[in-house]
Amino acid sequence: MGHTSLDKIIELQRNPSNIRNLCILAHVDHGKTTLADCLVASNGIISSRLAGKLRYLDSREDEQIRGITMKSSAISLHYRNGDQEYLLNLIDSPGHVDFSSEVSTAVRLCDGAIVVVDAVEGVCPQTQAVLRQAWLENIRPVLVINKIDRLITELKLTSQEAYTHLQKILEQVRGPTTVVLQRPLLERAEKEKEEEKEGETLTGDQVYDWSAGLEEADDSHLYFSPDQGNVVFASAIDGWGFSIQQFAHIYSQRMGIKAEVLLRTLWGDFYLNAKAKKIMKGAQAKGKKPLFVQLVLDNIWSLYDAVVTRRDKEKVEKVVTSLGVKVMARDSRHSDPKVLLTAICSQWLPVSQAVLLMVCEKLPSPLDMAAERVEKLMSVGVRRFDSLPEQTQELNKAFLQCSSGENAPVIVFVSKMFAVDTKALPHNRQRPLTQEEIAQRRELARQRHADRMAADQTAAESHEDLTLSGSMPQEGQPAGLTKMESLTLKEEEQRETFIAFARVYSGVVKKGQRVFVLGPKYDPTQGLRMGCSASDCVPEVPHLSCCSMESIYLLMGRELEELEEVPAGNVLGIGGLEECVLKSATLSTSPACPPFTPLNFEATPIVRVAIEPKHPSEMPKLVRGMRLLNQADPCAEVLIQETGEHVLVTAGEVHLQRCLDDLRDRFAKIEISASKPIIPFRETVVRPPKVDMVNEELGRQQKVAIIHQVKEALQGRSSDTLHVDPSGLVTLTTPNRMATISVRAIPLPQEVTCLLESSSELIRTLEQVNMSLREGKNLDISLGTLESLIKLKAQLENLLQGRKWRTTVERIWAFGPRRYGPNILLNSVEGYERPSVWQCLGRSDSVGEAPAQAAVRRDFDNSIISGFQLATLSGPMCEEPLMGVCFSIERWDIQSSVPPQNRDSLQDLLSHQASAESKLESGSETSTQAEGTAAVTTWATFRPEATSADCYGPVSGQLIAAMKEACRHAFQAQPQRLMAAMYTCEIMATAEVLGRVYGVLGKREGRVLHEEMKEGTDMFSIKAVLPVAESFGFADEIRKRTSGLASPQLVFSHWEVISSDPYWVPTTEEEYLHFGEKADSANQVLKYMNAVRRRKGLYVEEKIVEHAEKQRTLSKNK
């Protein structure tokens, strides 16, 4: 552990005011891990010469090979500032977009963050993403502008140009920060205004205040500004970094100016008047050098000029003497000038000193946690914080006080589970042997040698004994048998052990302590009603279990140190939770504690592959390995499809490769075969096109062709049960002729589809609230959730305007698929009034007594919804989910004399039949004549010949099937299109490779949105969209074509309609001339659709050999 002992860290853990929990956030390749190496080297854990080369916190082999961080790792560092000693729990997080889920797990456990920005590339997409994640978790960031040496050595900027460039980077960082910061201020101002309105009465001379509170709010400490002390300028690879406080302190002694004055003027439009010895304003207007350039940057530029550019030994000696640093002779004679530069700068301006000082002064301790953050963590689901039980609300004090007392409740949050080799655990680590152990092992070795010699002698005397001893070595080879058994046991024990990555928010976590594991749906009200403690047996409360923390570890990067207890405010590792915690969880000794809000993941898992073992007998190992992988990776998902395939879902291509390597080498330890990536698509309908593929205007013949195509597809169905209207209205009758449904498919506007897609979680909450209302429960909705629902409804009303969309929002029946998808079921049935999906907002019309027809409809309301959900879950094109489709039910007739038994489910029918059979077979003499008659009547009711409907099953099931088929046929009666998943592609490239980048994008169906040149550099920033189906191998190809000068970042963006019709075939002479007879080369969407259908085992209409007698075909078949 270097210069800091374990006892010292244990001592520092007891002082939460001097603890800093922080993580390092940045875009990929901006220098996070190099900066972390410098901070780790300050504690003597690694050599300062290896900082930036060792990548100490990148413990995985593929991390070292690729040169990027793939998982978040934690380490505890000790820092002394005067008489104060601090404990820094540092977490290094990935910058690649595929591993943004690791960033979410790190941010949740921290109170602050170091945001690293490359001085050349500036603010990149992932920089904005990590800033957004930091503000969502209410943690305070500080800024490190890294790689300033690139401004000198690569861009060849002067110190004045570099100053202007740094100002622009600060403005870029402030942009997304301002947007995020204004949101809570505006929300707070709106809330205060509403409270004032409630307490006041309106008068005629009332004065309205239109300010939003942004002017009065003092938020200067929240922005990045060097004079605030929350910005460090650094070059981590060269070992130097500084804040303006350091130079203000240095020059205040030399120039005799107060340090406070220098601190305010060292950054900004100020210059030094040498004659008057005063600092004056207006450097830019007067053509003067700004103070920052004159006193800071000029010195650094001259040092680089002397050491790196000119290699002037005399000037270097003067600089070394003036700075008062010591340089070893081997460093000064080294052929690489960077070695000498690092030796000088790391002593003059050590980056670790600047960053650690900024962290200790500007980032909050666990005692400074904001009350808003605590309430946000505890307000799970749709419940308001003030609606939670009183005992739960009292836990707020335990959070804010960060209490470690004996009576304080233990509250721990596990952000992820990570796997370590069992051999790497502290109790299994190799240690020096004592003399007694050495003597004991020597004696065992002698005994094994003697047994081996005796066995050899016996084998030489008799060949038969040798054979017997070889086949049954019960007496001849006891030592060898023990060795084989021990090897087998060792192989079985060579497995991964899971450690929980967690933080203690309250209380003291002790080894062997029993705690509750709170599931995401746990309700503290039910736990308090039981009145149980964590030492009891597992209570019968939903989503609540009990476990023991078998071991507690201090996380030290690649190593673990075992502890006995950890007080509040610290990050730790917990062993023994793999059977209770899947990915993340909340642990507590109090049943009043609610589960924390779920983590916010930026990346969406979208890349799927089917996995199978190369040897079928190893399938159990694969199943176990995928279960372990699912637990070890916070973003990966493991699914088992209806076909029995095991599917792995990941965030991107790099993430997929890492998961496959882990599965092959760590968890399953078998040879596996992965399918080609399963490309996700969506199905939708569009308005009838006005022109064809050669831009010729279409007439009514297009609609006639569509209806003809649908009728051909519906062959085999009786004409009296299905009718397709020329306008696209599909009417379907159930097999028992008791119900008739008329459905029309209408394409939703694109804005509505995007709104429903982005509001899926809010719609899911709406469904949960409606379900609780249907069950007679009263669920308290948080004010923010209620306002969001009202806003969603208002947005839908605003977007769905026009004659055909009139009153659509009030008539929404359901959303789908899975009850929260981007499709709408609309109630257009005349005379059928049902509760609206917006009934929780308090303005839904109450449904009174209705005629028998409406009563029967309400009984089968859920059957219609279930059929709609099934239809939207898999469409007719290639069984992919639907998107952006509105199904309007315009007619629903059902006989009011439906027998009661036909309203039941099949389960109820079977139970009724079983009870009738038991009554008939009992033959009890005590049964009365009335009972016997009733039993016979019940049995007669369920006989197949009793009604004509029984042979088709219950009416509810028939309605589900009829609704599903009607939706599919209505979908097919409209122009059908596929929707492709699209990536947003951000590429940084130089001017000489720009054309090659465009060539690769065009080859893969990409579309460039815009490009811009980074000011002061020769770098271009290109933003494009790329189909996910064309993205595999894209990063490798673009790196090869550009010789590594361009590297893309792919983030899932949206779903986009592919304009081509997959069913289009050439019909006119012009189309035959333009596209050929088959037109299969130009129809890319048909290839996508057939590939999906072929993978799912569906029928694909294609000709393998069209003309078998052709000479070319015959020669190929040979």
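Residues in the sequence shown are numbered from 137 upward in steps of one, following this note's numbering. Glycine included, each C-beta is placed from N, C-alpha and C at the ideal position. Note that this is a predicted model, so its numbers are computed, not measured.
Return helix, strand or coil for residue i, following the three-state DSSP convention.
i	result
Pro1111	coil
Gly1093	helix
Phe637	strand
Met1013	coil
Trp271	helix
Cys890	helix
Leu1028	This sequence places Trp at residue 1028; Leu is not what is there. Strand.
Glu1192	strand
His679	coil
Asn151	coil
Pro703	coil
Lys304	helix
Ser1002	helix
Using CA coordinates, which residue listed in the options is at the minimum distance from residue i?
i	options	result
Ser878	Thr170, Leu1095 and Asp434	Leu1095
Val653	Tyr1208, Ser1024 and Ser726	Ser726
Gly1169	Leu302, Ile146, Ala1117 and Gln793	Gln793
Val452	Val429, Ser388, Thr478 and Pro756	Thr478
Glu778	Ala1097, Arg993, Lys1232 and Thr401	Lys1232
Ala768	Glu714, Gly203 and Thr594	Glu714
Ser894	Leu718, Phe369 and Thr740	Thr740
Please report how far the alpha carbon of residue i lies from the alpha carbon of residue j, in whole angstroms.
i	j	result
Trp346	Arg509	For Trp346, the predicted structure reports a pLDDT of 44, less than 50, and the residue's modelled location is therefore unreliable. The matter cannot be settled from this model.
Met1155	Ser1183	12 Å
Gly1003	Ile160	49 Å
Thr205	Gly180	22 Å
Glu530	Thr661	14 Å
Ala1337	Gly541	Not covered by the structure: residue 1337. The range shown for the chain is 137 to 1254.
Glu197	Leu690	23 Å
Pro730	Gly655	9 Å
Asn1265	Val640	With the chain represented from 137 up to 1254, any question about residue 1265 goes unanswered, as that position is not in the structure.
Leu82	Leu476	No statement about residue 82 is possible, as the shown extent of the chain runs from 137 to 1254 and does not include it.
Leu936	Leu961	14 Å
Phe951	Met1019	11 Å
Lys189	Val743	33 Å
Leu193	His679	36 Å
Lys927	Val965	27 Å
Gln308	Val463	38 Å
Val774	Leu868	39 Å
Val785	Leu799	13 Å
Grab me the residues of residue i's own chain with a C-beta within less than 7 Å of its C-beta, minus the 5 sequence neighbours each way, in chain order.
i	result
Thr241	Ser208, Ser551, Lys552, Phe637, Leu735 and Pro770
Asn366	Val278, Leu279, Phe360, Met494 and Lys498
Gln220	Asn154
Phe428	Tyr299, Leu402 and Trp403
Ser295	Val429, Leu433, Asp434 and Trp437
For residue i, I'd like the list of residues in its chain whose CB is within less than 6 Å of its CB, leaving aside the five on either flank, ordered along the chain.
i	result
Phe732	Leu513, Phe549 and Thr722
Ala746	Glu781, Val783 and Ser811
Gly709	Ile635, Tyr689 and Leu691
His1048	Its pLDDT being 43, under 50, His1048 is placed unreliably in this model, and the coordinates cannot settle the point.
So residue i and residue j are supposed to be a Cβ contact under 8 Å. How far apart are they, rounded?
i	j	result
Ala506	Asn151	At roughly 21 Å, the Cβ-Cβ gap does not stay under 8 Å, so Ala506 and Asn151 are not in contact.
Met685	Val645	7 Å
Asn959	Val866	Not confirmed; about 16 Å, so no contact.
Gly258	Ile305	5 Å
Glu1016	Glu819	5 Å
Arg1177	Val1136	6 Å
Leu1186	Ser1157	Not confirmed; about 15 Å, so no contact.
Ser237	Ala265	Not quite, the Cβ-Cβ distance comes to about 12 Å (not below 8 Å), so this is no contact.
Take residue i and list the residues in its own chain whose beta-carbon comes closer than 8 Å to its own, dropping the five residues that flank it on each side.
i	result
Arg1175	Ala1182 and Ser1183
Ser153	Ser501 and Leu503
Arg900	Arg955 and Tyr956
Any heavy atom of the ligand ATP closer than 6 Å to the CB of residue i?
i	result
Pro426	What this structure holds is no ligand at all, so the ligand ATP is not there to describe.
Establish whether the CB of residue i and some CB of chain C are separated by less than 7 Å.
i	result
Val1187	Absent from the structure is chain C; it holds one protein chain and no more.
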